[in-house]
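S.K.:
Numbering (my numbering), first residue to last: 76 to 490.
1) State the Cα-Cα distance for the pair residue 162 and residue 187, rounded to the nearest angstrom.
2) What is the rounded straight-line gap between the Cα of residue 464 and the Cα of residue 429?
3) Between the C-alpha atoms of residue 265 and residue 408, what's the straight-line distance to the nearest angstrom?
4) Who are the Cβ neighbours of residue 400 in its own chain at under 7 Å, not counting the five residues just before and after it?
5) Measure from the alpha carbon of residue 270 to the alpha carbon of each residue in 212, 378, 127 and 320, then state which is nearest.
6) Using CA atoms only, rank isn't needed, just tell me which of 443, 449, 152 and 386 is closest to residue 416.
7) Evaluate the contact criterion for the region 382-392 versus the region 334-349: three or more CB pairs, one atom per stretch, below 8 Å.
8) Closest to residue 457 by C-alpha separation, out of 169, 193 and 489, would be which residue?
9) Can you find at least 3 beta carbon pairs, one from the region 241-256 and one from the region 285-302, that sit closer than 8 Å?
10) In its own chain, which residues sit with a C-beta less than 7 Å from the C-beta of residue 174, not counting the 5 before and 5 after it?
11) To the nearest angstrom, how far is it from the Cα of residue 98 to the Cα of residue 87?
12) Which same chain residues, not among the five before or five after residue 279, have their C-beta less than 6 Å away from its C-beta?
13) Is it right to say residue 29 is buried, meaning 16 or more other beta carbons lie within 10 angstroms of its own, or is it exposed?
14) Can you list, in chain order, the stretches of the alpha helix (DSSP H) that have 4 or more residues and sit fully within the region 399-440?
15) State the DSSP-derived secondary structure class of residue 261, mapped to helix, strand or coil.
16) For a quick check, are the C-beta atoms of residue 281 and residue 204 less than 9 Å apart?
17) Assess contact between the region 313-329 and the region 287-299, defined as three or more Cβ pairs (one per stretch) separated by less than 8 Å. Is contact present?
18) Would you decide whether residue 375 is buried or exposed? Buried here means 16 or more other CB atoms lie within 10 Å of its CB.
19) Look at the alpha carbon of residue 82 and the alpha carbon of residue 365, and state the distance between them as a whole number of angstroms.
20) What does DSSP give as the partner residues of residue 104 in its beta bridges?
21) Taking all protein chains shown into account, do 16 or more other C-beta atoms lie within 10 angstroms of the C-beta of residue 396, making it buried, or fewer, making it exposed?
22) From residue 434 to residue 445, what does the alpha carbon distance come to, in whole angstroms?
23) How would you call residue 335, buried or exposed, if buried means at least 16 neighbouring beta carbons within 10 angstroms?
24) Quick check on the burial criterion: 16 or more other C-beta atoms within 10 angstroms. Buried or exposed for residue 189?
25) State yes or no: is the C-beta of residue 134 within less than 9 Å of the C-beta of residue 462?
26) Taking the continuous beta strand (DSSP E) assigned at residue 461, which residues delimit it?
27) Along the beta strand (DSSP E) that carries residue 387, what are the first and last residues, could you check?
28) What are the uninterrupted segments assigned as alpha helix (DSSP H) that are 4 or more residues long and contained completely in the region 343-382, given in chain order?
Take a look at the structure:
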């Protein structure tokens with residue numbers, strides 16, 4: 076199916092802004108989650124469990140506000156799948172949170188400081204037999220498996236593995252995984268249908284793949300924030316070795332997802348790199364090498380990194396200036412925009428940053444005034460994409476304020 080003229084116009088508008096070319100007007104691109112389904116009348120719990128209604132709501136909300144680029148609900152696994160797996164790293168509405176509370180990450184040290192050595196010695200073995208059982212209750216029987224290096228002699232393992240496969244905990248685990256596969260199949264069918272629907276309606280999606288910065292992978296899923304921050308001082312070499320191990324995985328994973336989706340944009344939520352988490356010296360030593368390698372690898376592969384710079388990234392602007400111009404679609408939460416223009420005005424587009432408080436409690440007039448000021452600031456470069464700041468559009472944003480944000484772009488954003 077050929078893309079419609081409306082689809083091509085929106086895609087070009089966005090790509091021109093990323094490439095620092097002046098488009099016909101400023102694009103408005105959003106990456107919200109709960110707002111898309113709440114506006115259409117669904118609770119957060121219903122959106123997590125009723126895929127058909129959630130994807131239909133997503134399409135209706137996109138059309139209602141006429142965004143140039145819309146987000147994707149694929150950033151989270153469905154509630155039924157997480158429930159079947161017994162996921163321990165998240166809480167979500169309809170299961171262990173109220174029906175209209177956003178999902179929450181459960182912070183924890185899922186790998187202790189003493190376990191760096193077995194992890195670095197054999198990361199695959201540690202992940203399968205130790206880490207996965209800690210992250211998901213249904214995967215606890217994986218701890219019964221023999222060390223993976225013992226599989227180097229498969230003939231000697233046929234009999235013990237056959238006996239192990241009949242163990243009741245593993246039999247139950249495989250049954251649950253079968254149900255997980257069925258449920259994920261239903262979920263992915265809905266996502267494919269939504270992508271087709273949006274395509275037919277003329278709306279591109281913001282990204283087709285998701286990955287993490289290597290440091291964030293270690294901090295989020297292994298050591299936790301507290302543990303990784305201690306490791307900056309107590310185990311710096313092991314921390315760096317662990318982040319380096321994840322570089323090929325985060326790059327290759329993003330490439331595979333992007334190829335499967337047909338969308339070249341890769342979303343990268345950045346969790347620990349903002350000012351306040353570490354000094355610039357620590358950022359240069361521990362965070363930036365992995366992030367820079369990830370970004371440049373994606374660019375070299377013809378993909379468009381979409382990093383979401385959570386927190387204040389003003390202290391990191393000099394690092395971002397090392398990136399090639401017009402190749403990264405940087406979504407910003409908090410940053411000194413004047414310094415951004417001085418340092419990155421010829422390197423990266425600015426994607427953001429209507430404050431959440433304005434969308435939640437402001438008036439349509441105040442929202443329009445803020446958007447106009449954004450457009451006025453970047454009108455000389457063309458490198459502006461308008462959206463909210465934190466969470467793109469907060470779940471409880473006033474619809475009239477979101478509408479005002481869009482209207483302001485149409486009213487003031489023509490070049």
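For each residue, glycine too, the CB sits at the ideal point set by N, CA and C.
Note that the coordinates shown come from a computational prediction; the quantities given were computed from them, not determined experimentally.
M.R.: Looking at the atomic coordinates:
1) Within the chain shown, residue 162 is the residue found at index 87, counting from 1. Within the chain shown, residue 187 is the residue found at index 112, counting from 1. Straight-line Cα distance between these residues: approximately 19 Å.
2) Your numbering for residue 464 matches position 389 in the chain shown. Your numbering for residue 429 matches position 354 in the chain shown. Cα-Cα distance, rounded: 5 Å.
3) If you number the chain shown from 1, residue 265 lands on position 190. If you number the chain shown from 1, residue 408 lands on position 333. Cα-Cα distance, rounded: 30 Å.
4) The residue given as residue 400 occupies position 325 in the chain shown. Cβ neighbours of residue 400 beyond the five flanking positions: 95, 421 and 422.
5) One-based indexing of the chain shown puts residue 270 at position 195. Ranking 212, 378, 127 and 320 by Cα distance to residue 270 puts 127 first.
6) Start at 1 with the first residue of the chain shown, and residue 416 comes out as number 341. Checking every option, the nearest Cα to that of residue 416 belongs to 449.
7) With the cut-off at 8 Å, the region 382-392 and the region 334-349 touch.
8) Here residue 457 is taken as the residue at index 382 of the chain shown, counted from 1. Among 169, 193 and 489, the Cα nearest to that of residue 457 belongs to 489.
9) no
10) What you label residue 174 is simply residue 99 of the chain shown in a count that begins at 1. Excluding positions up to five away in sequence, the list reads 118, 119, 120 and 168.
11) Here residue 98 refers to the residue found at position 23 when the chain shown is read from its first residue. Here residue 87 refers to the residue found at position 12 when the chain shown is read from its first residue. So the alpha carbons of these two residues sit roughly 8 Å apart.
12) Counted from its first residue, the chain shown places residue 279 at position 204. Cβ within range, chain order: 85, 86 and 144.
13) Outside the displayed range of the chain (76 to 490) lies residue 29, so it cannot be described from this structure.
14) 412-419 and 431-436
15) Here the question's residue 261 lines up with position 186 in the chain shown. Looking at residue 261 - three-state DSSP - the assignment turns out to be helix.
16) Numbered from its first residue, the chain shown carries residue 281 at position 206. Numbered from its first residue, the chain shown carries residue 204 at position 129. Cβ distance not < 9 Å, so residue 281 and residue 204 don't count as in contact.
17) yes
18) Mapped onto the chain shown, residue 375 falls at position 300. Classification of residue 375: exposed, given that the 10 Å Cβ count is below 16.
19) As a position in the chain shown, residue 82 is number 7, starting the count at 1. As a position in the chain shown, residue 365 is number 290, starting the count at 1. Looking at the two C-alpha atoms, the distance is approximately 34 Å.
20) Within the chain shown, residue 104 is the residue found at index 29, counting from 1. In DSSP, residue 104 forms a bridge with 144.
21) For the purposes of this step, residue 396 is taken as the residue at position 321 of the chain shown. Residue 396 should be labelled exposed.
22) Reading the chain shown from its first residue, position 359 is the one you call residue 434. Reading the chain shown from its first residue, position 370 is the one you call residue 445. Distance between the alpha carbons of residue 434 and residue 445 is about 11 Å.
23) Your numbering for residue 335 matches position 260 in the chain shown. The residue in question, residue 335, is exposed, as its Cβ has fewer than 16 Cβ neighbours within 10 Å.
24) As a working note, residue 189 is residue 114 in the chain shown. An exposed status is given to residue 189, since fewer than 16 other beta-carbon atoms sit within 10 Å of its beta-carbon.
25) In the chain shown, residue 134 corresponds to position 59, counting from 1. In the chain shown, residue 462 corresponds to position 387, counting from 1. Not a contact, by the Cβ cut-off of 9 Å.
26) Here the question's residue 461 lines up with position 386 in the chain shown. Residues 459-463.
27) Counting from one through the chain shown, the residue named residue 387 turns up at place 312. That run of the beta strand (DSSP E) goes 379-387.
28) 363-375
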